[in-house]
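Just below is one structure, and these are the notes that go with it.
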Amino acid sequence: MRNIVLVGFMGAGKTTVGKILASKISYKLYSTDKLIAGKENASIASIFEQRGERYFRHIEHQVVKELASKNGGCIIDCGGGIVENKDNMRILKEYGAIVWLKCSLQDINRRIDGEGRPLFQQGGNAVKELYKRRTHLYQKWADYTVDAEEGPLEVAEQILSQVNKG
7 MRNIVLVGFM GAGKTTVGKI LASKISYKLY STDKLIAGKE NASIASIFEQ RGERYFRHIE
67 HQVVKELASK NGGCIIDCGG GIVENKDNMR ILKEYGAIVW LKCSLQDINR RIDGEGRPLF
127 QQGGNAVKEL YKRRTHLYQK WADYTVDAEE GPLEVAEQIL SQVNKG
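For the sequence shown, the working numbering gives the first residue as 7, with consecutive numbering after it.
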């Protein structure tokens, strides 16, 4: 019983799809961002603002190591930037199937208003560059790729179908 690790750009639907998956297959759901916010007793936006991205990524790595000890039966909803750290991805891949929720930047822009998304505050060109860089990394690490432009229920069913075949 391997973990299912959801990765993808902010706004791809990882949290929503994760909840559906956890409910459908009775797995425990963990959100790296929620765990980080809980550890720090602060929102992700305020962690970025007050402590910086580097500090956030350090805490994120600690959370990934803690999740690695939960060996099976988990859905792990990862923050969009988790792929920036190859050690995070190696750990997650060792204990789970990496599923990339692939979504176009146009669709993401339509879904996100930017509030509470620190890296989205940088503006259009910075977001495009971030999307381009991360897309390459999602593709590199993914065991499965699912078109996340469908509805969340359809995306969850596609994930289950792919993971069960694999």
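Yeah, the Cβ is synthetic: ideal placement off N, Cα and C, and Gly gets one too.
- Report all residues from its chain with a CB closer than 8 Å to the CB of valine 69; omit the five preceding and five following residues, and keep chain order. Here residue 69 corresponds to residue number 63 of the sequence shown, with the count starting at 1. Setting aside the 5 residues that flank it on each side, valine 69 is surrounded in the same chain by Thr38, Leu41, Ile42 and Lys45, each with a C-beta closer than 8 Å to its C-beta; the list follows chain order.
- Item | isoleucine 118, DSSP secondary structure in three states | Taking the first residue of the sequence shown as position 1, residue 118 is located at position 112. It is coil, neither helix nor strand.
- Query: Smallest Cα separation from glutamate 100: which of Leu107, Asn77, Lys108 and Asn115?
  - Reply: Looking up residue 100 in the sequence shown gives position 94. Ranking Leu107, Asn77, Lys108 and Asn115 by Cα distance to glutamate 100 puts Asn77 first.
- Helix or strand or just coil, what does DSSP make of asparagine 9? The count along the sequence shown starts at 1 and reaches residue 9 at position 3. Three-state DSSP puts asparagine 9 in a strand.
- From the DSSP output, in three-state form, read off glycine 24 for me. As a position in the sequence shown, residue 24 is number 18, starting the count at 1. Three-state DSSP puts glycine 24 in a helix.
- Task: Report the partner residues of threonine 151 according to the DSSP bridge assignment.
- Result: Counted from its first residue, the sequence shown places residue 151 at position 145. DSSP output for threonine 151 lists Trp106 as bridge partner(s).
- Query: Between leucine 27 and phenylalanine 15, what straight-line distance do the alpha-carbon atoms span, to the nearest angstrom?
  - Reply: As a working note, residue 27 is residue 21 in the sequence shown. As a working note, residue 15 is residue 9 in the sequence shown. If you take the alpha carbons of leucine 27 and phenylalanine 15, they lie about 18 Å apart.
- Message: Suppose the cutoff is 7 Å on Cβ atoms and the five residues either side in sequence are ignored; what does the same chain contact list for lysine 71 look like?
- Response: The count along the sequence shown starts at 1 and reaches residue 71 at position 65. Correct list, in chain order: Ile97.
- Touch test, the stretch 100 to 114 against the stretch 43 to 62, Cβ-Cβ under 8 Å, three pairs minimum: no
- Exposed or buried, leucine 73, counting other C-beta atoms within 10 Å across all chains shown (16 or more means buried)? For the purposes of this step, residue 73 is taken as residue 67 along the sequence shown, with counting starting at 1. So leucine 73 counts as buried.
- Query: Ordered along the chain, which non-local residues of its own chain (more than five positions away) have a Cβ less than 8 Å from that of arginine 140?
  - Reply: Residue 140 sits at position 134 when you count from the first residue of the sequence shown. Within the same chain, arginine 140 has close Cβ partners Phe15, Gly86, Gly87, Val89 and Glu90.
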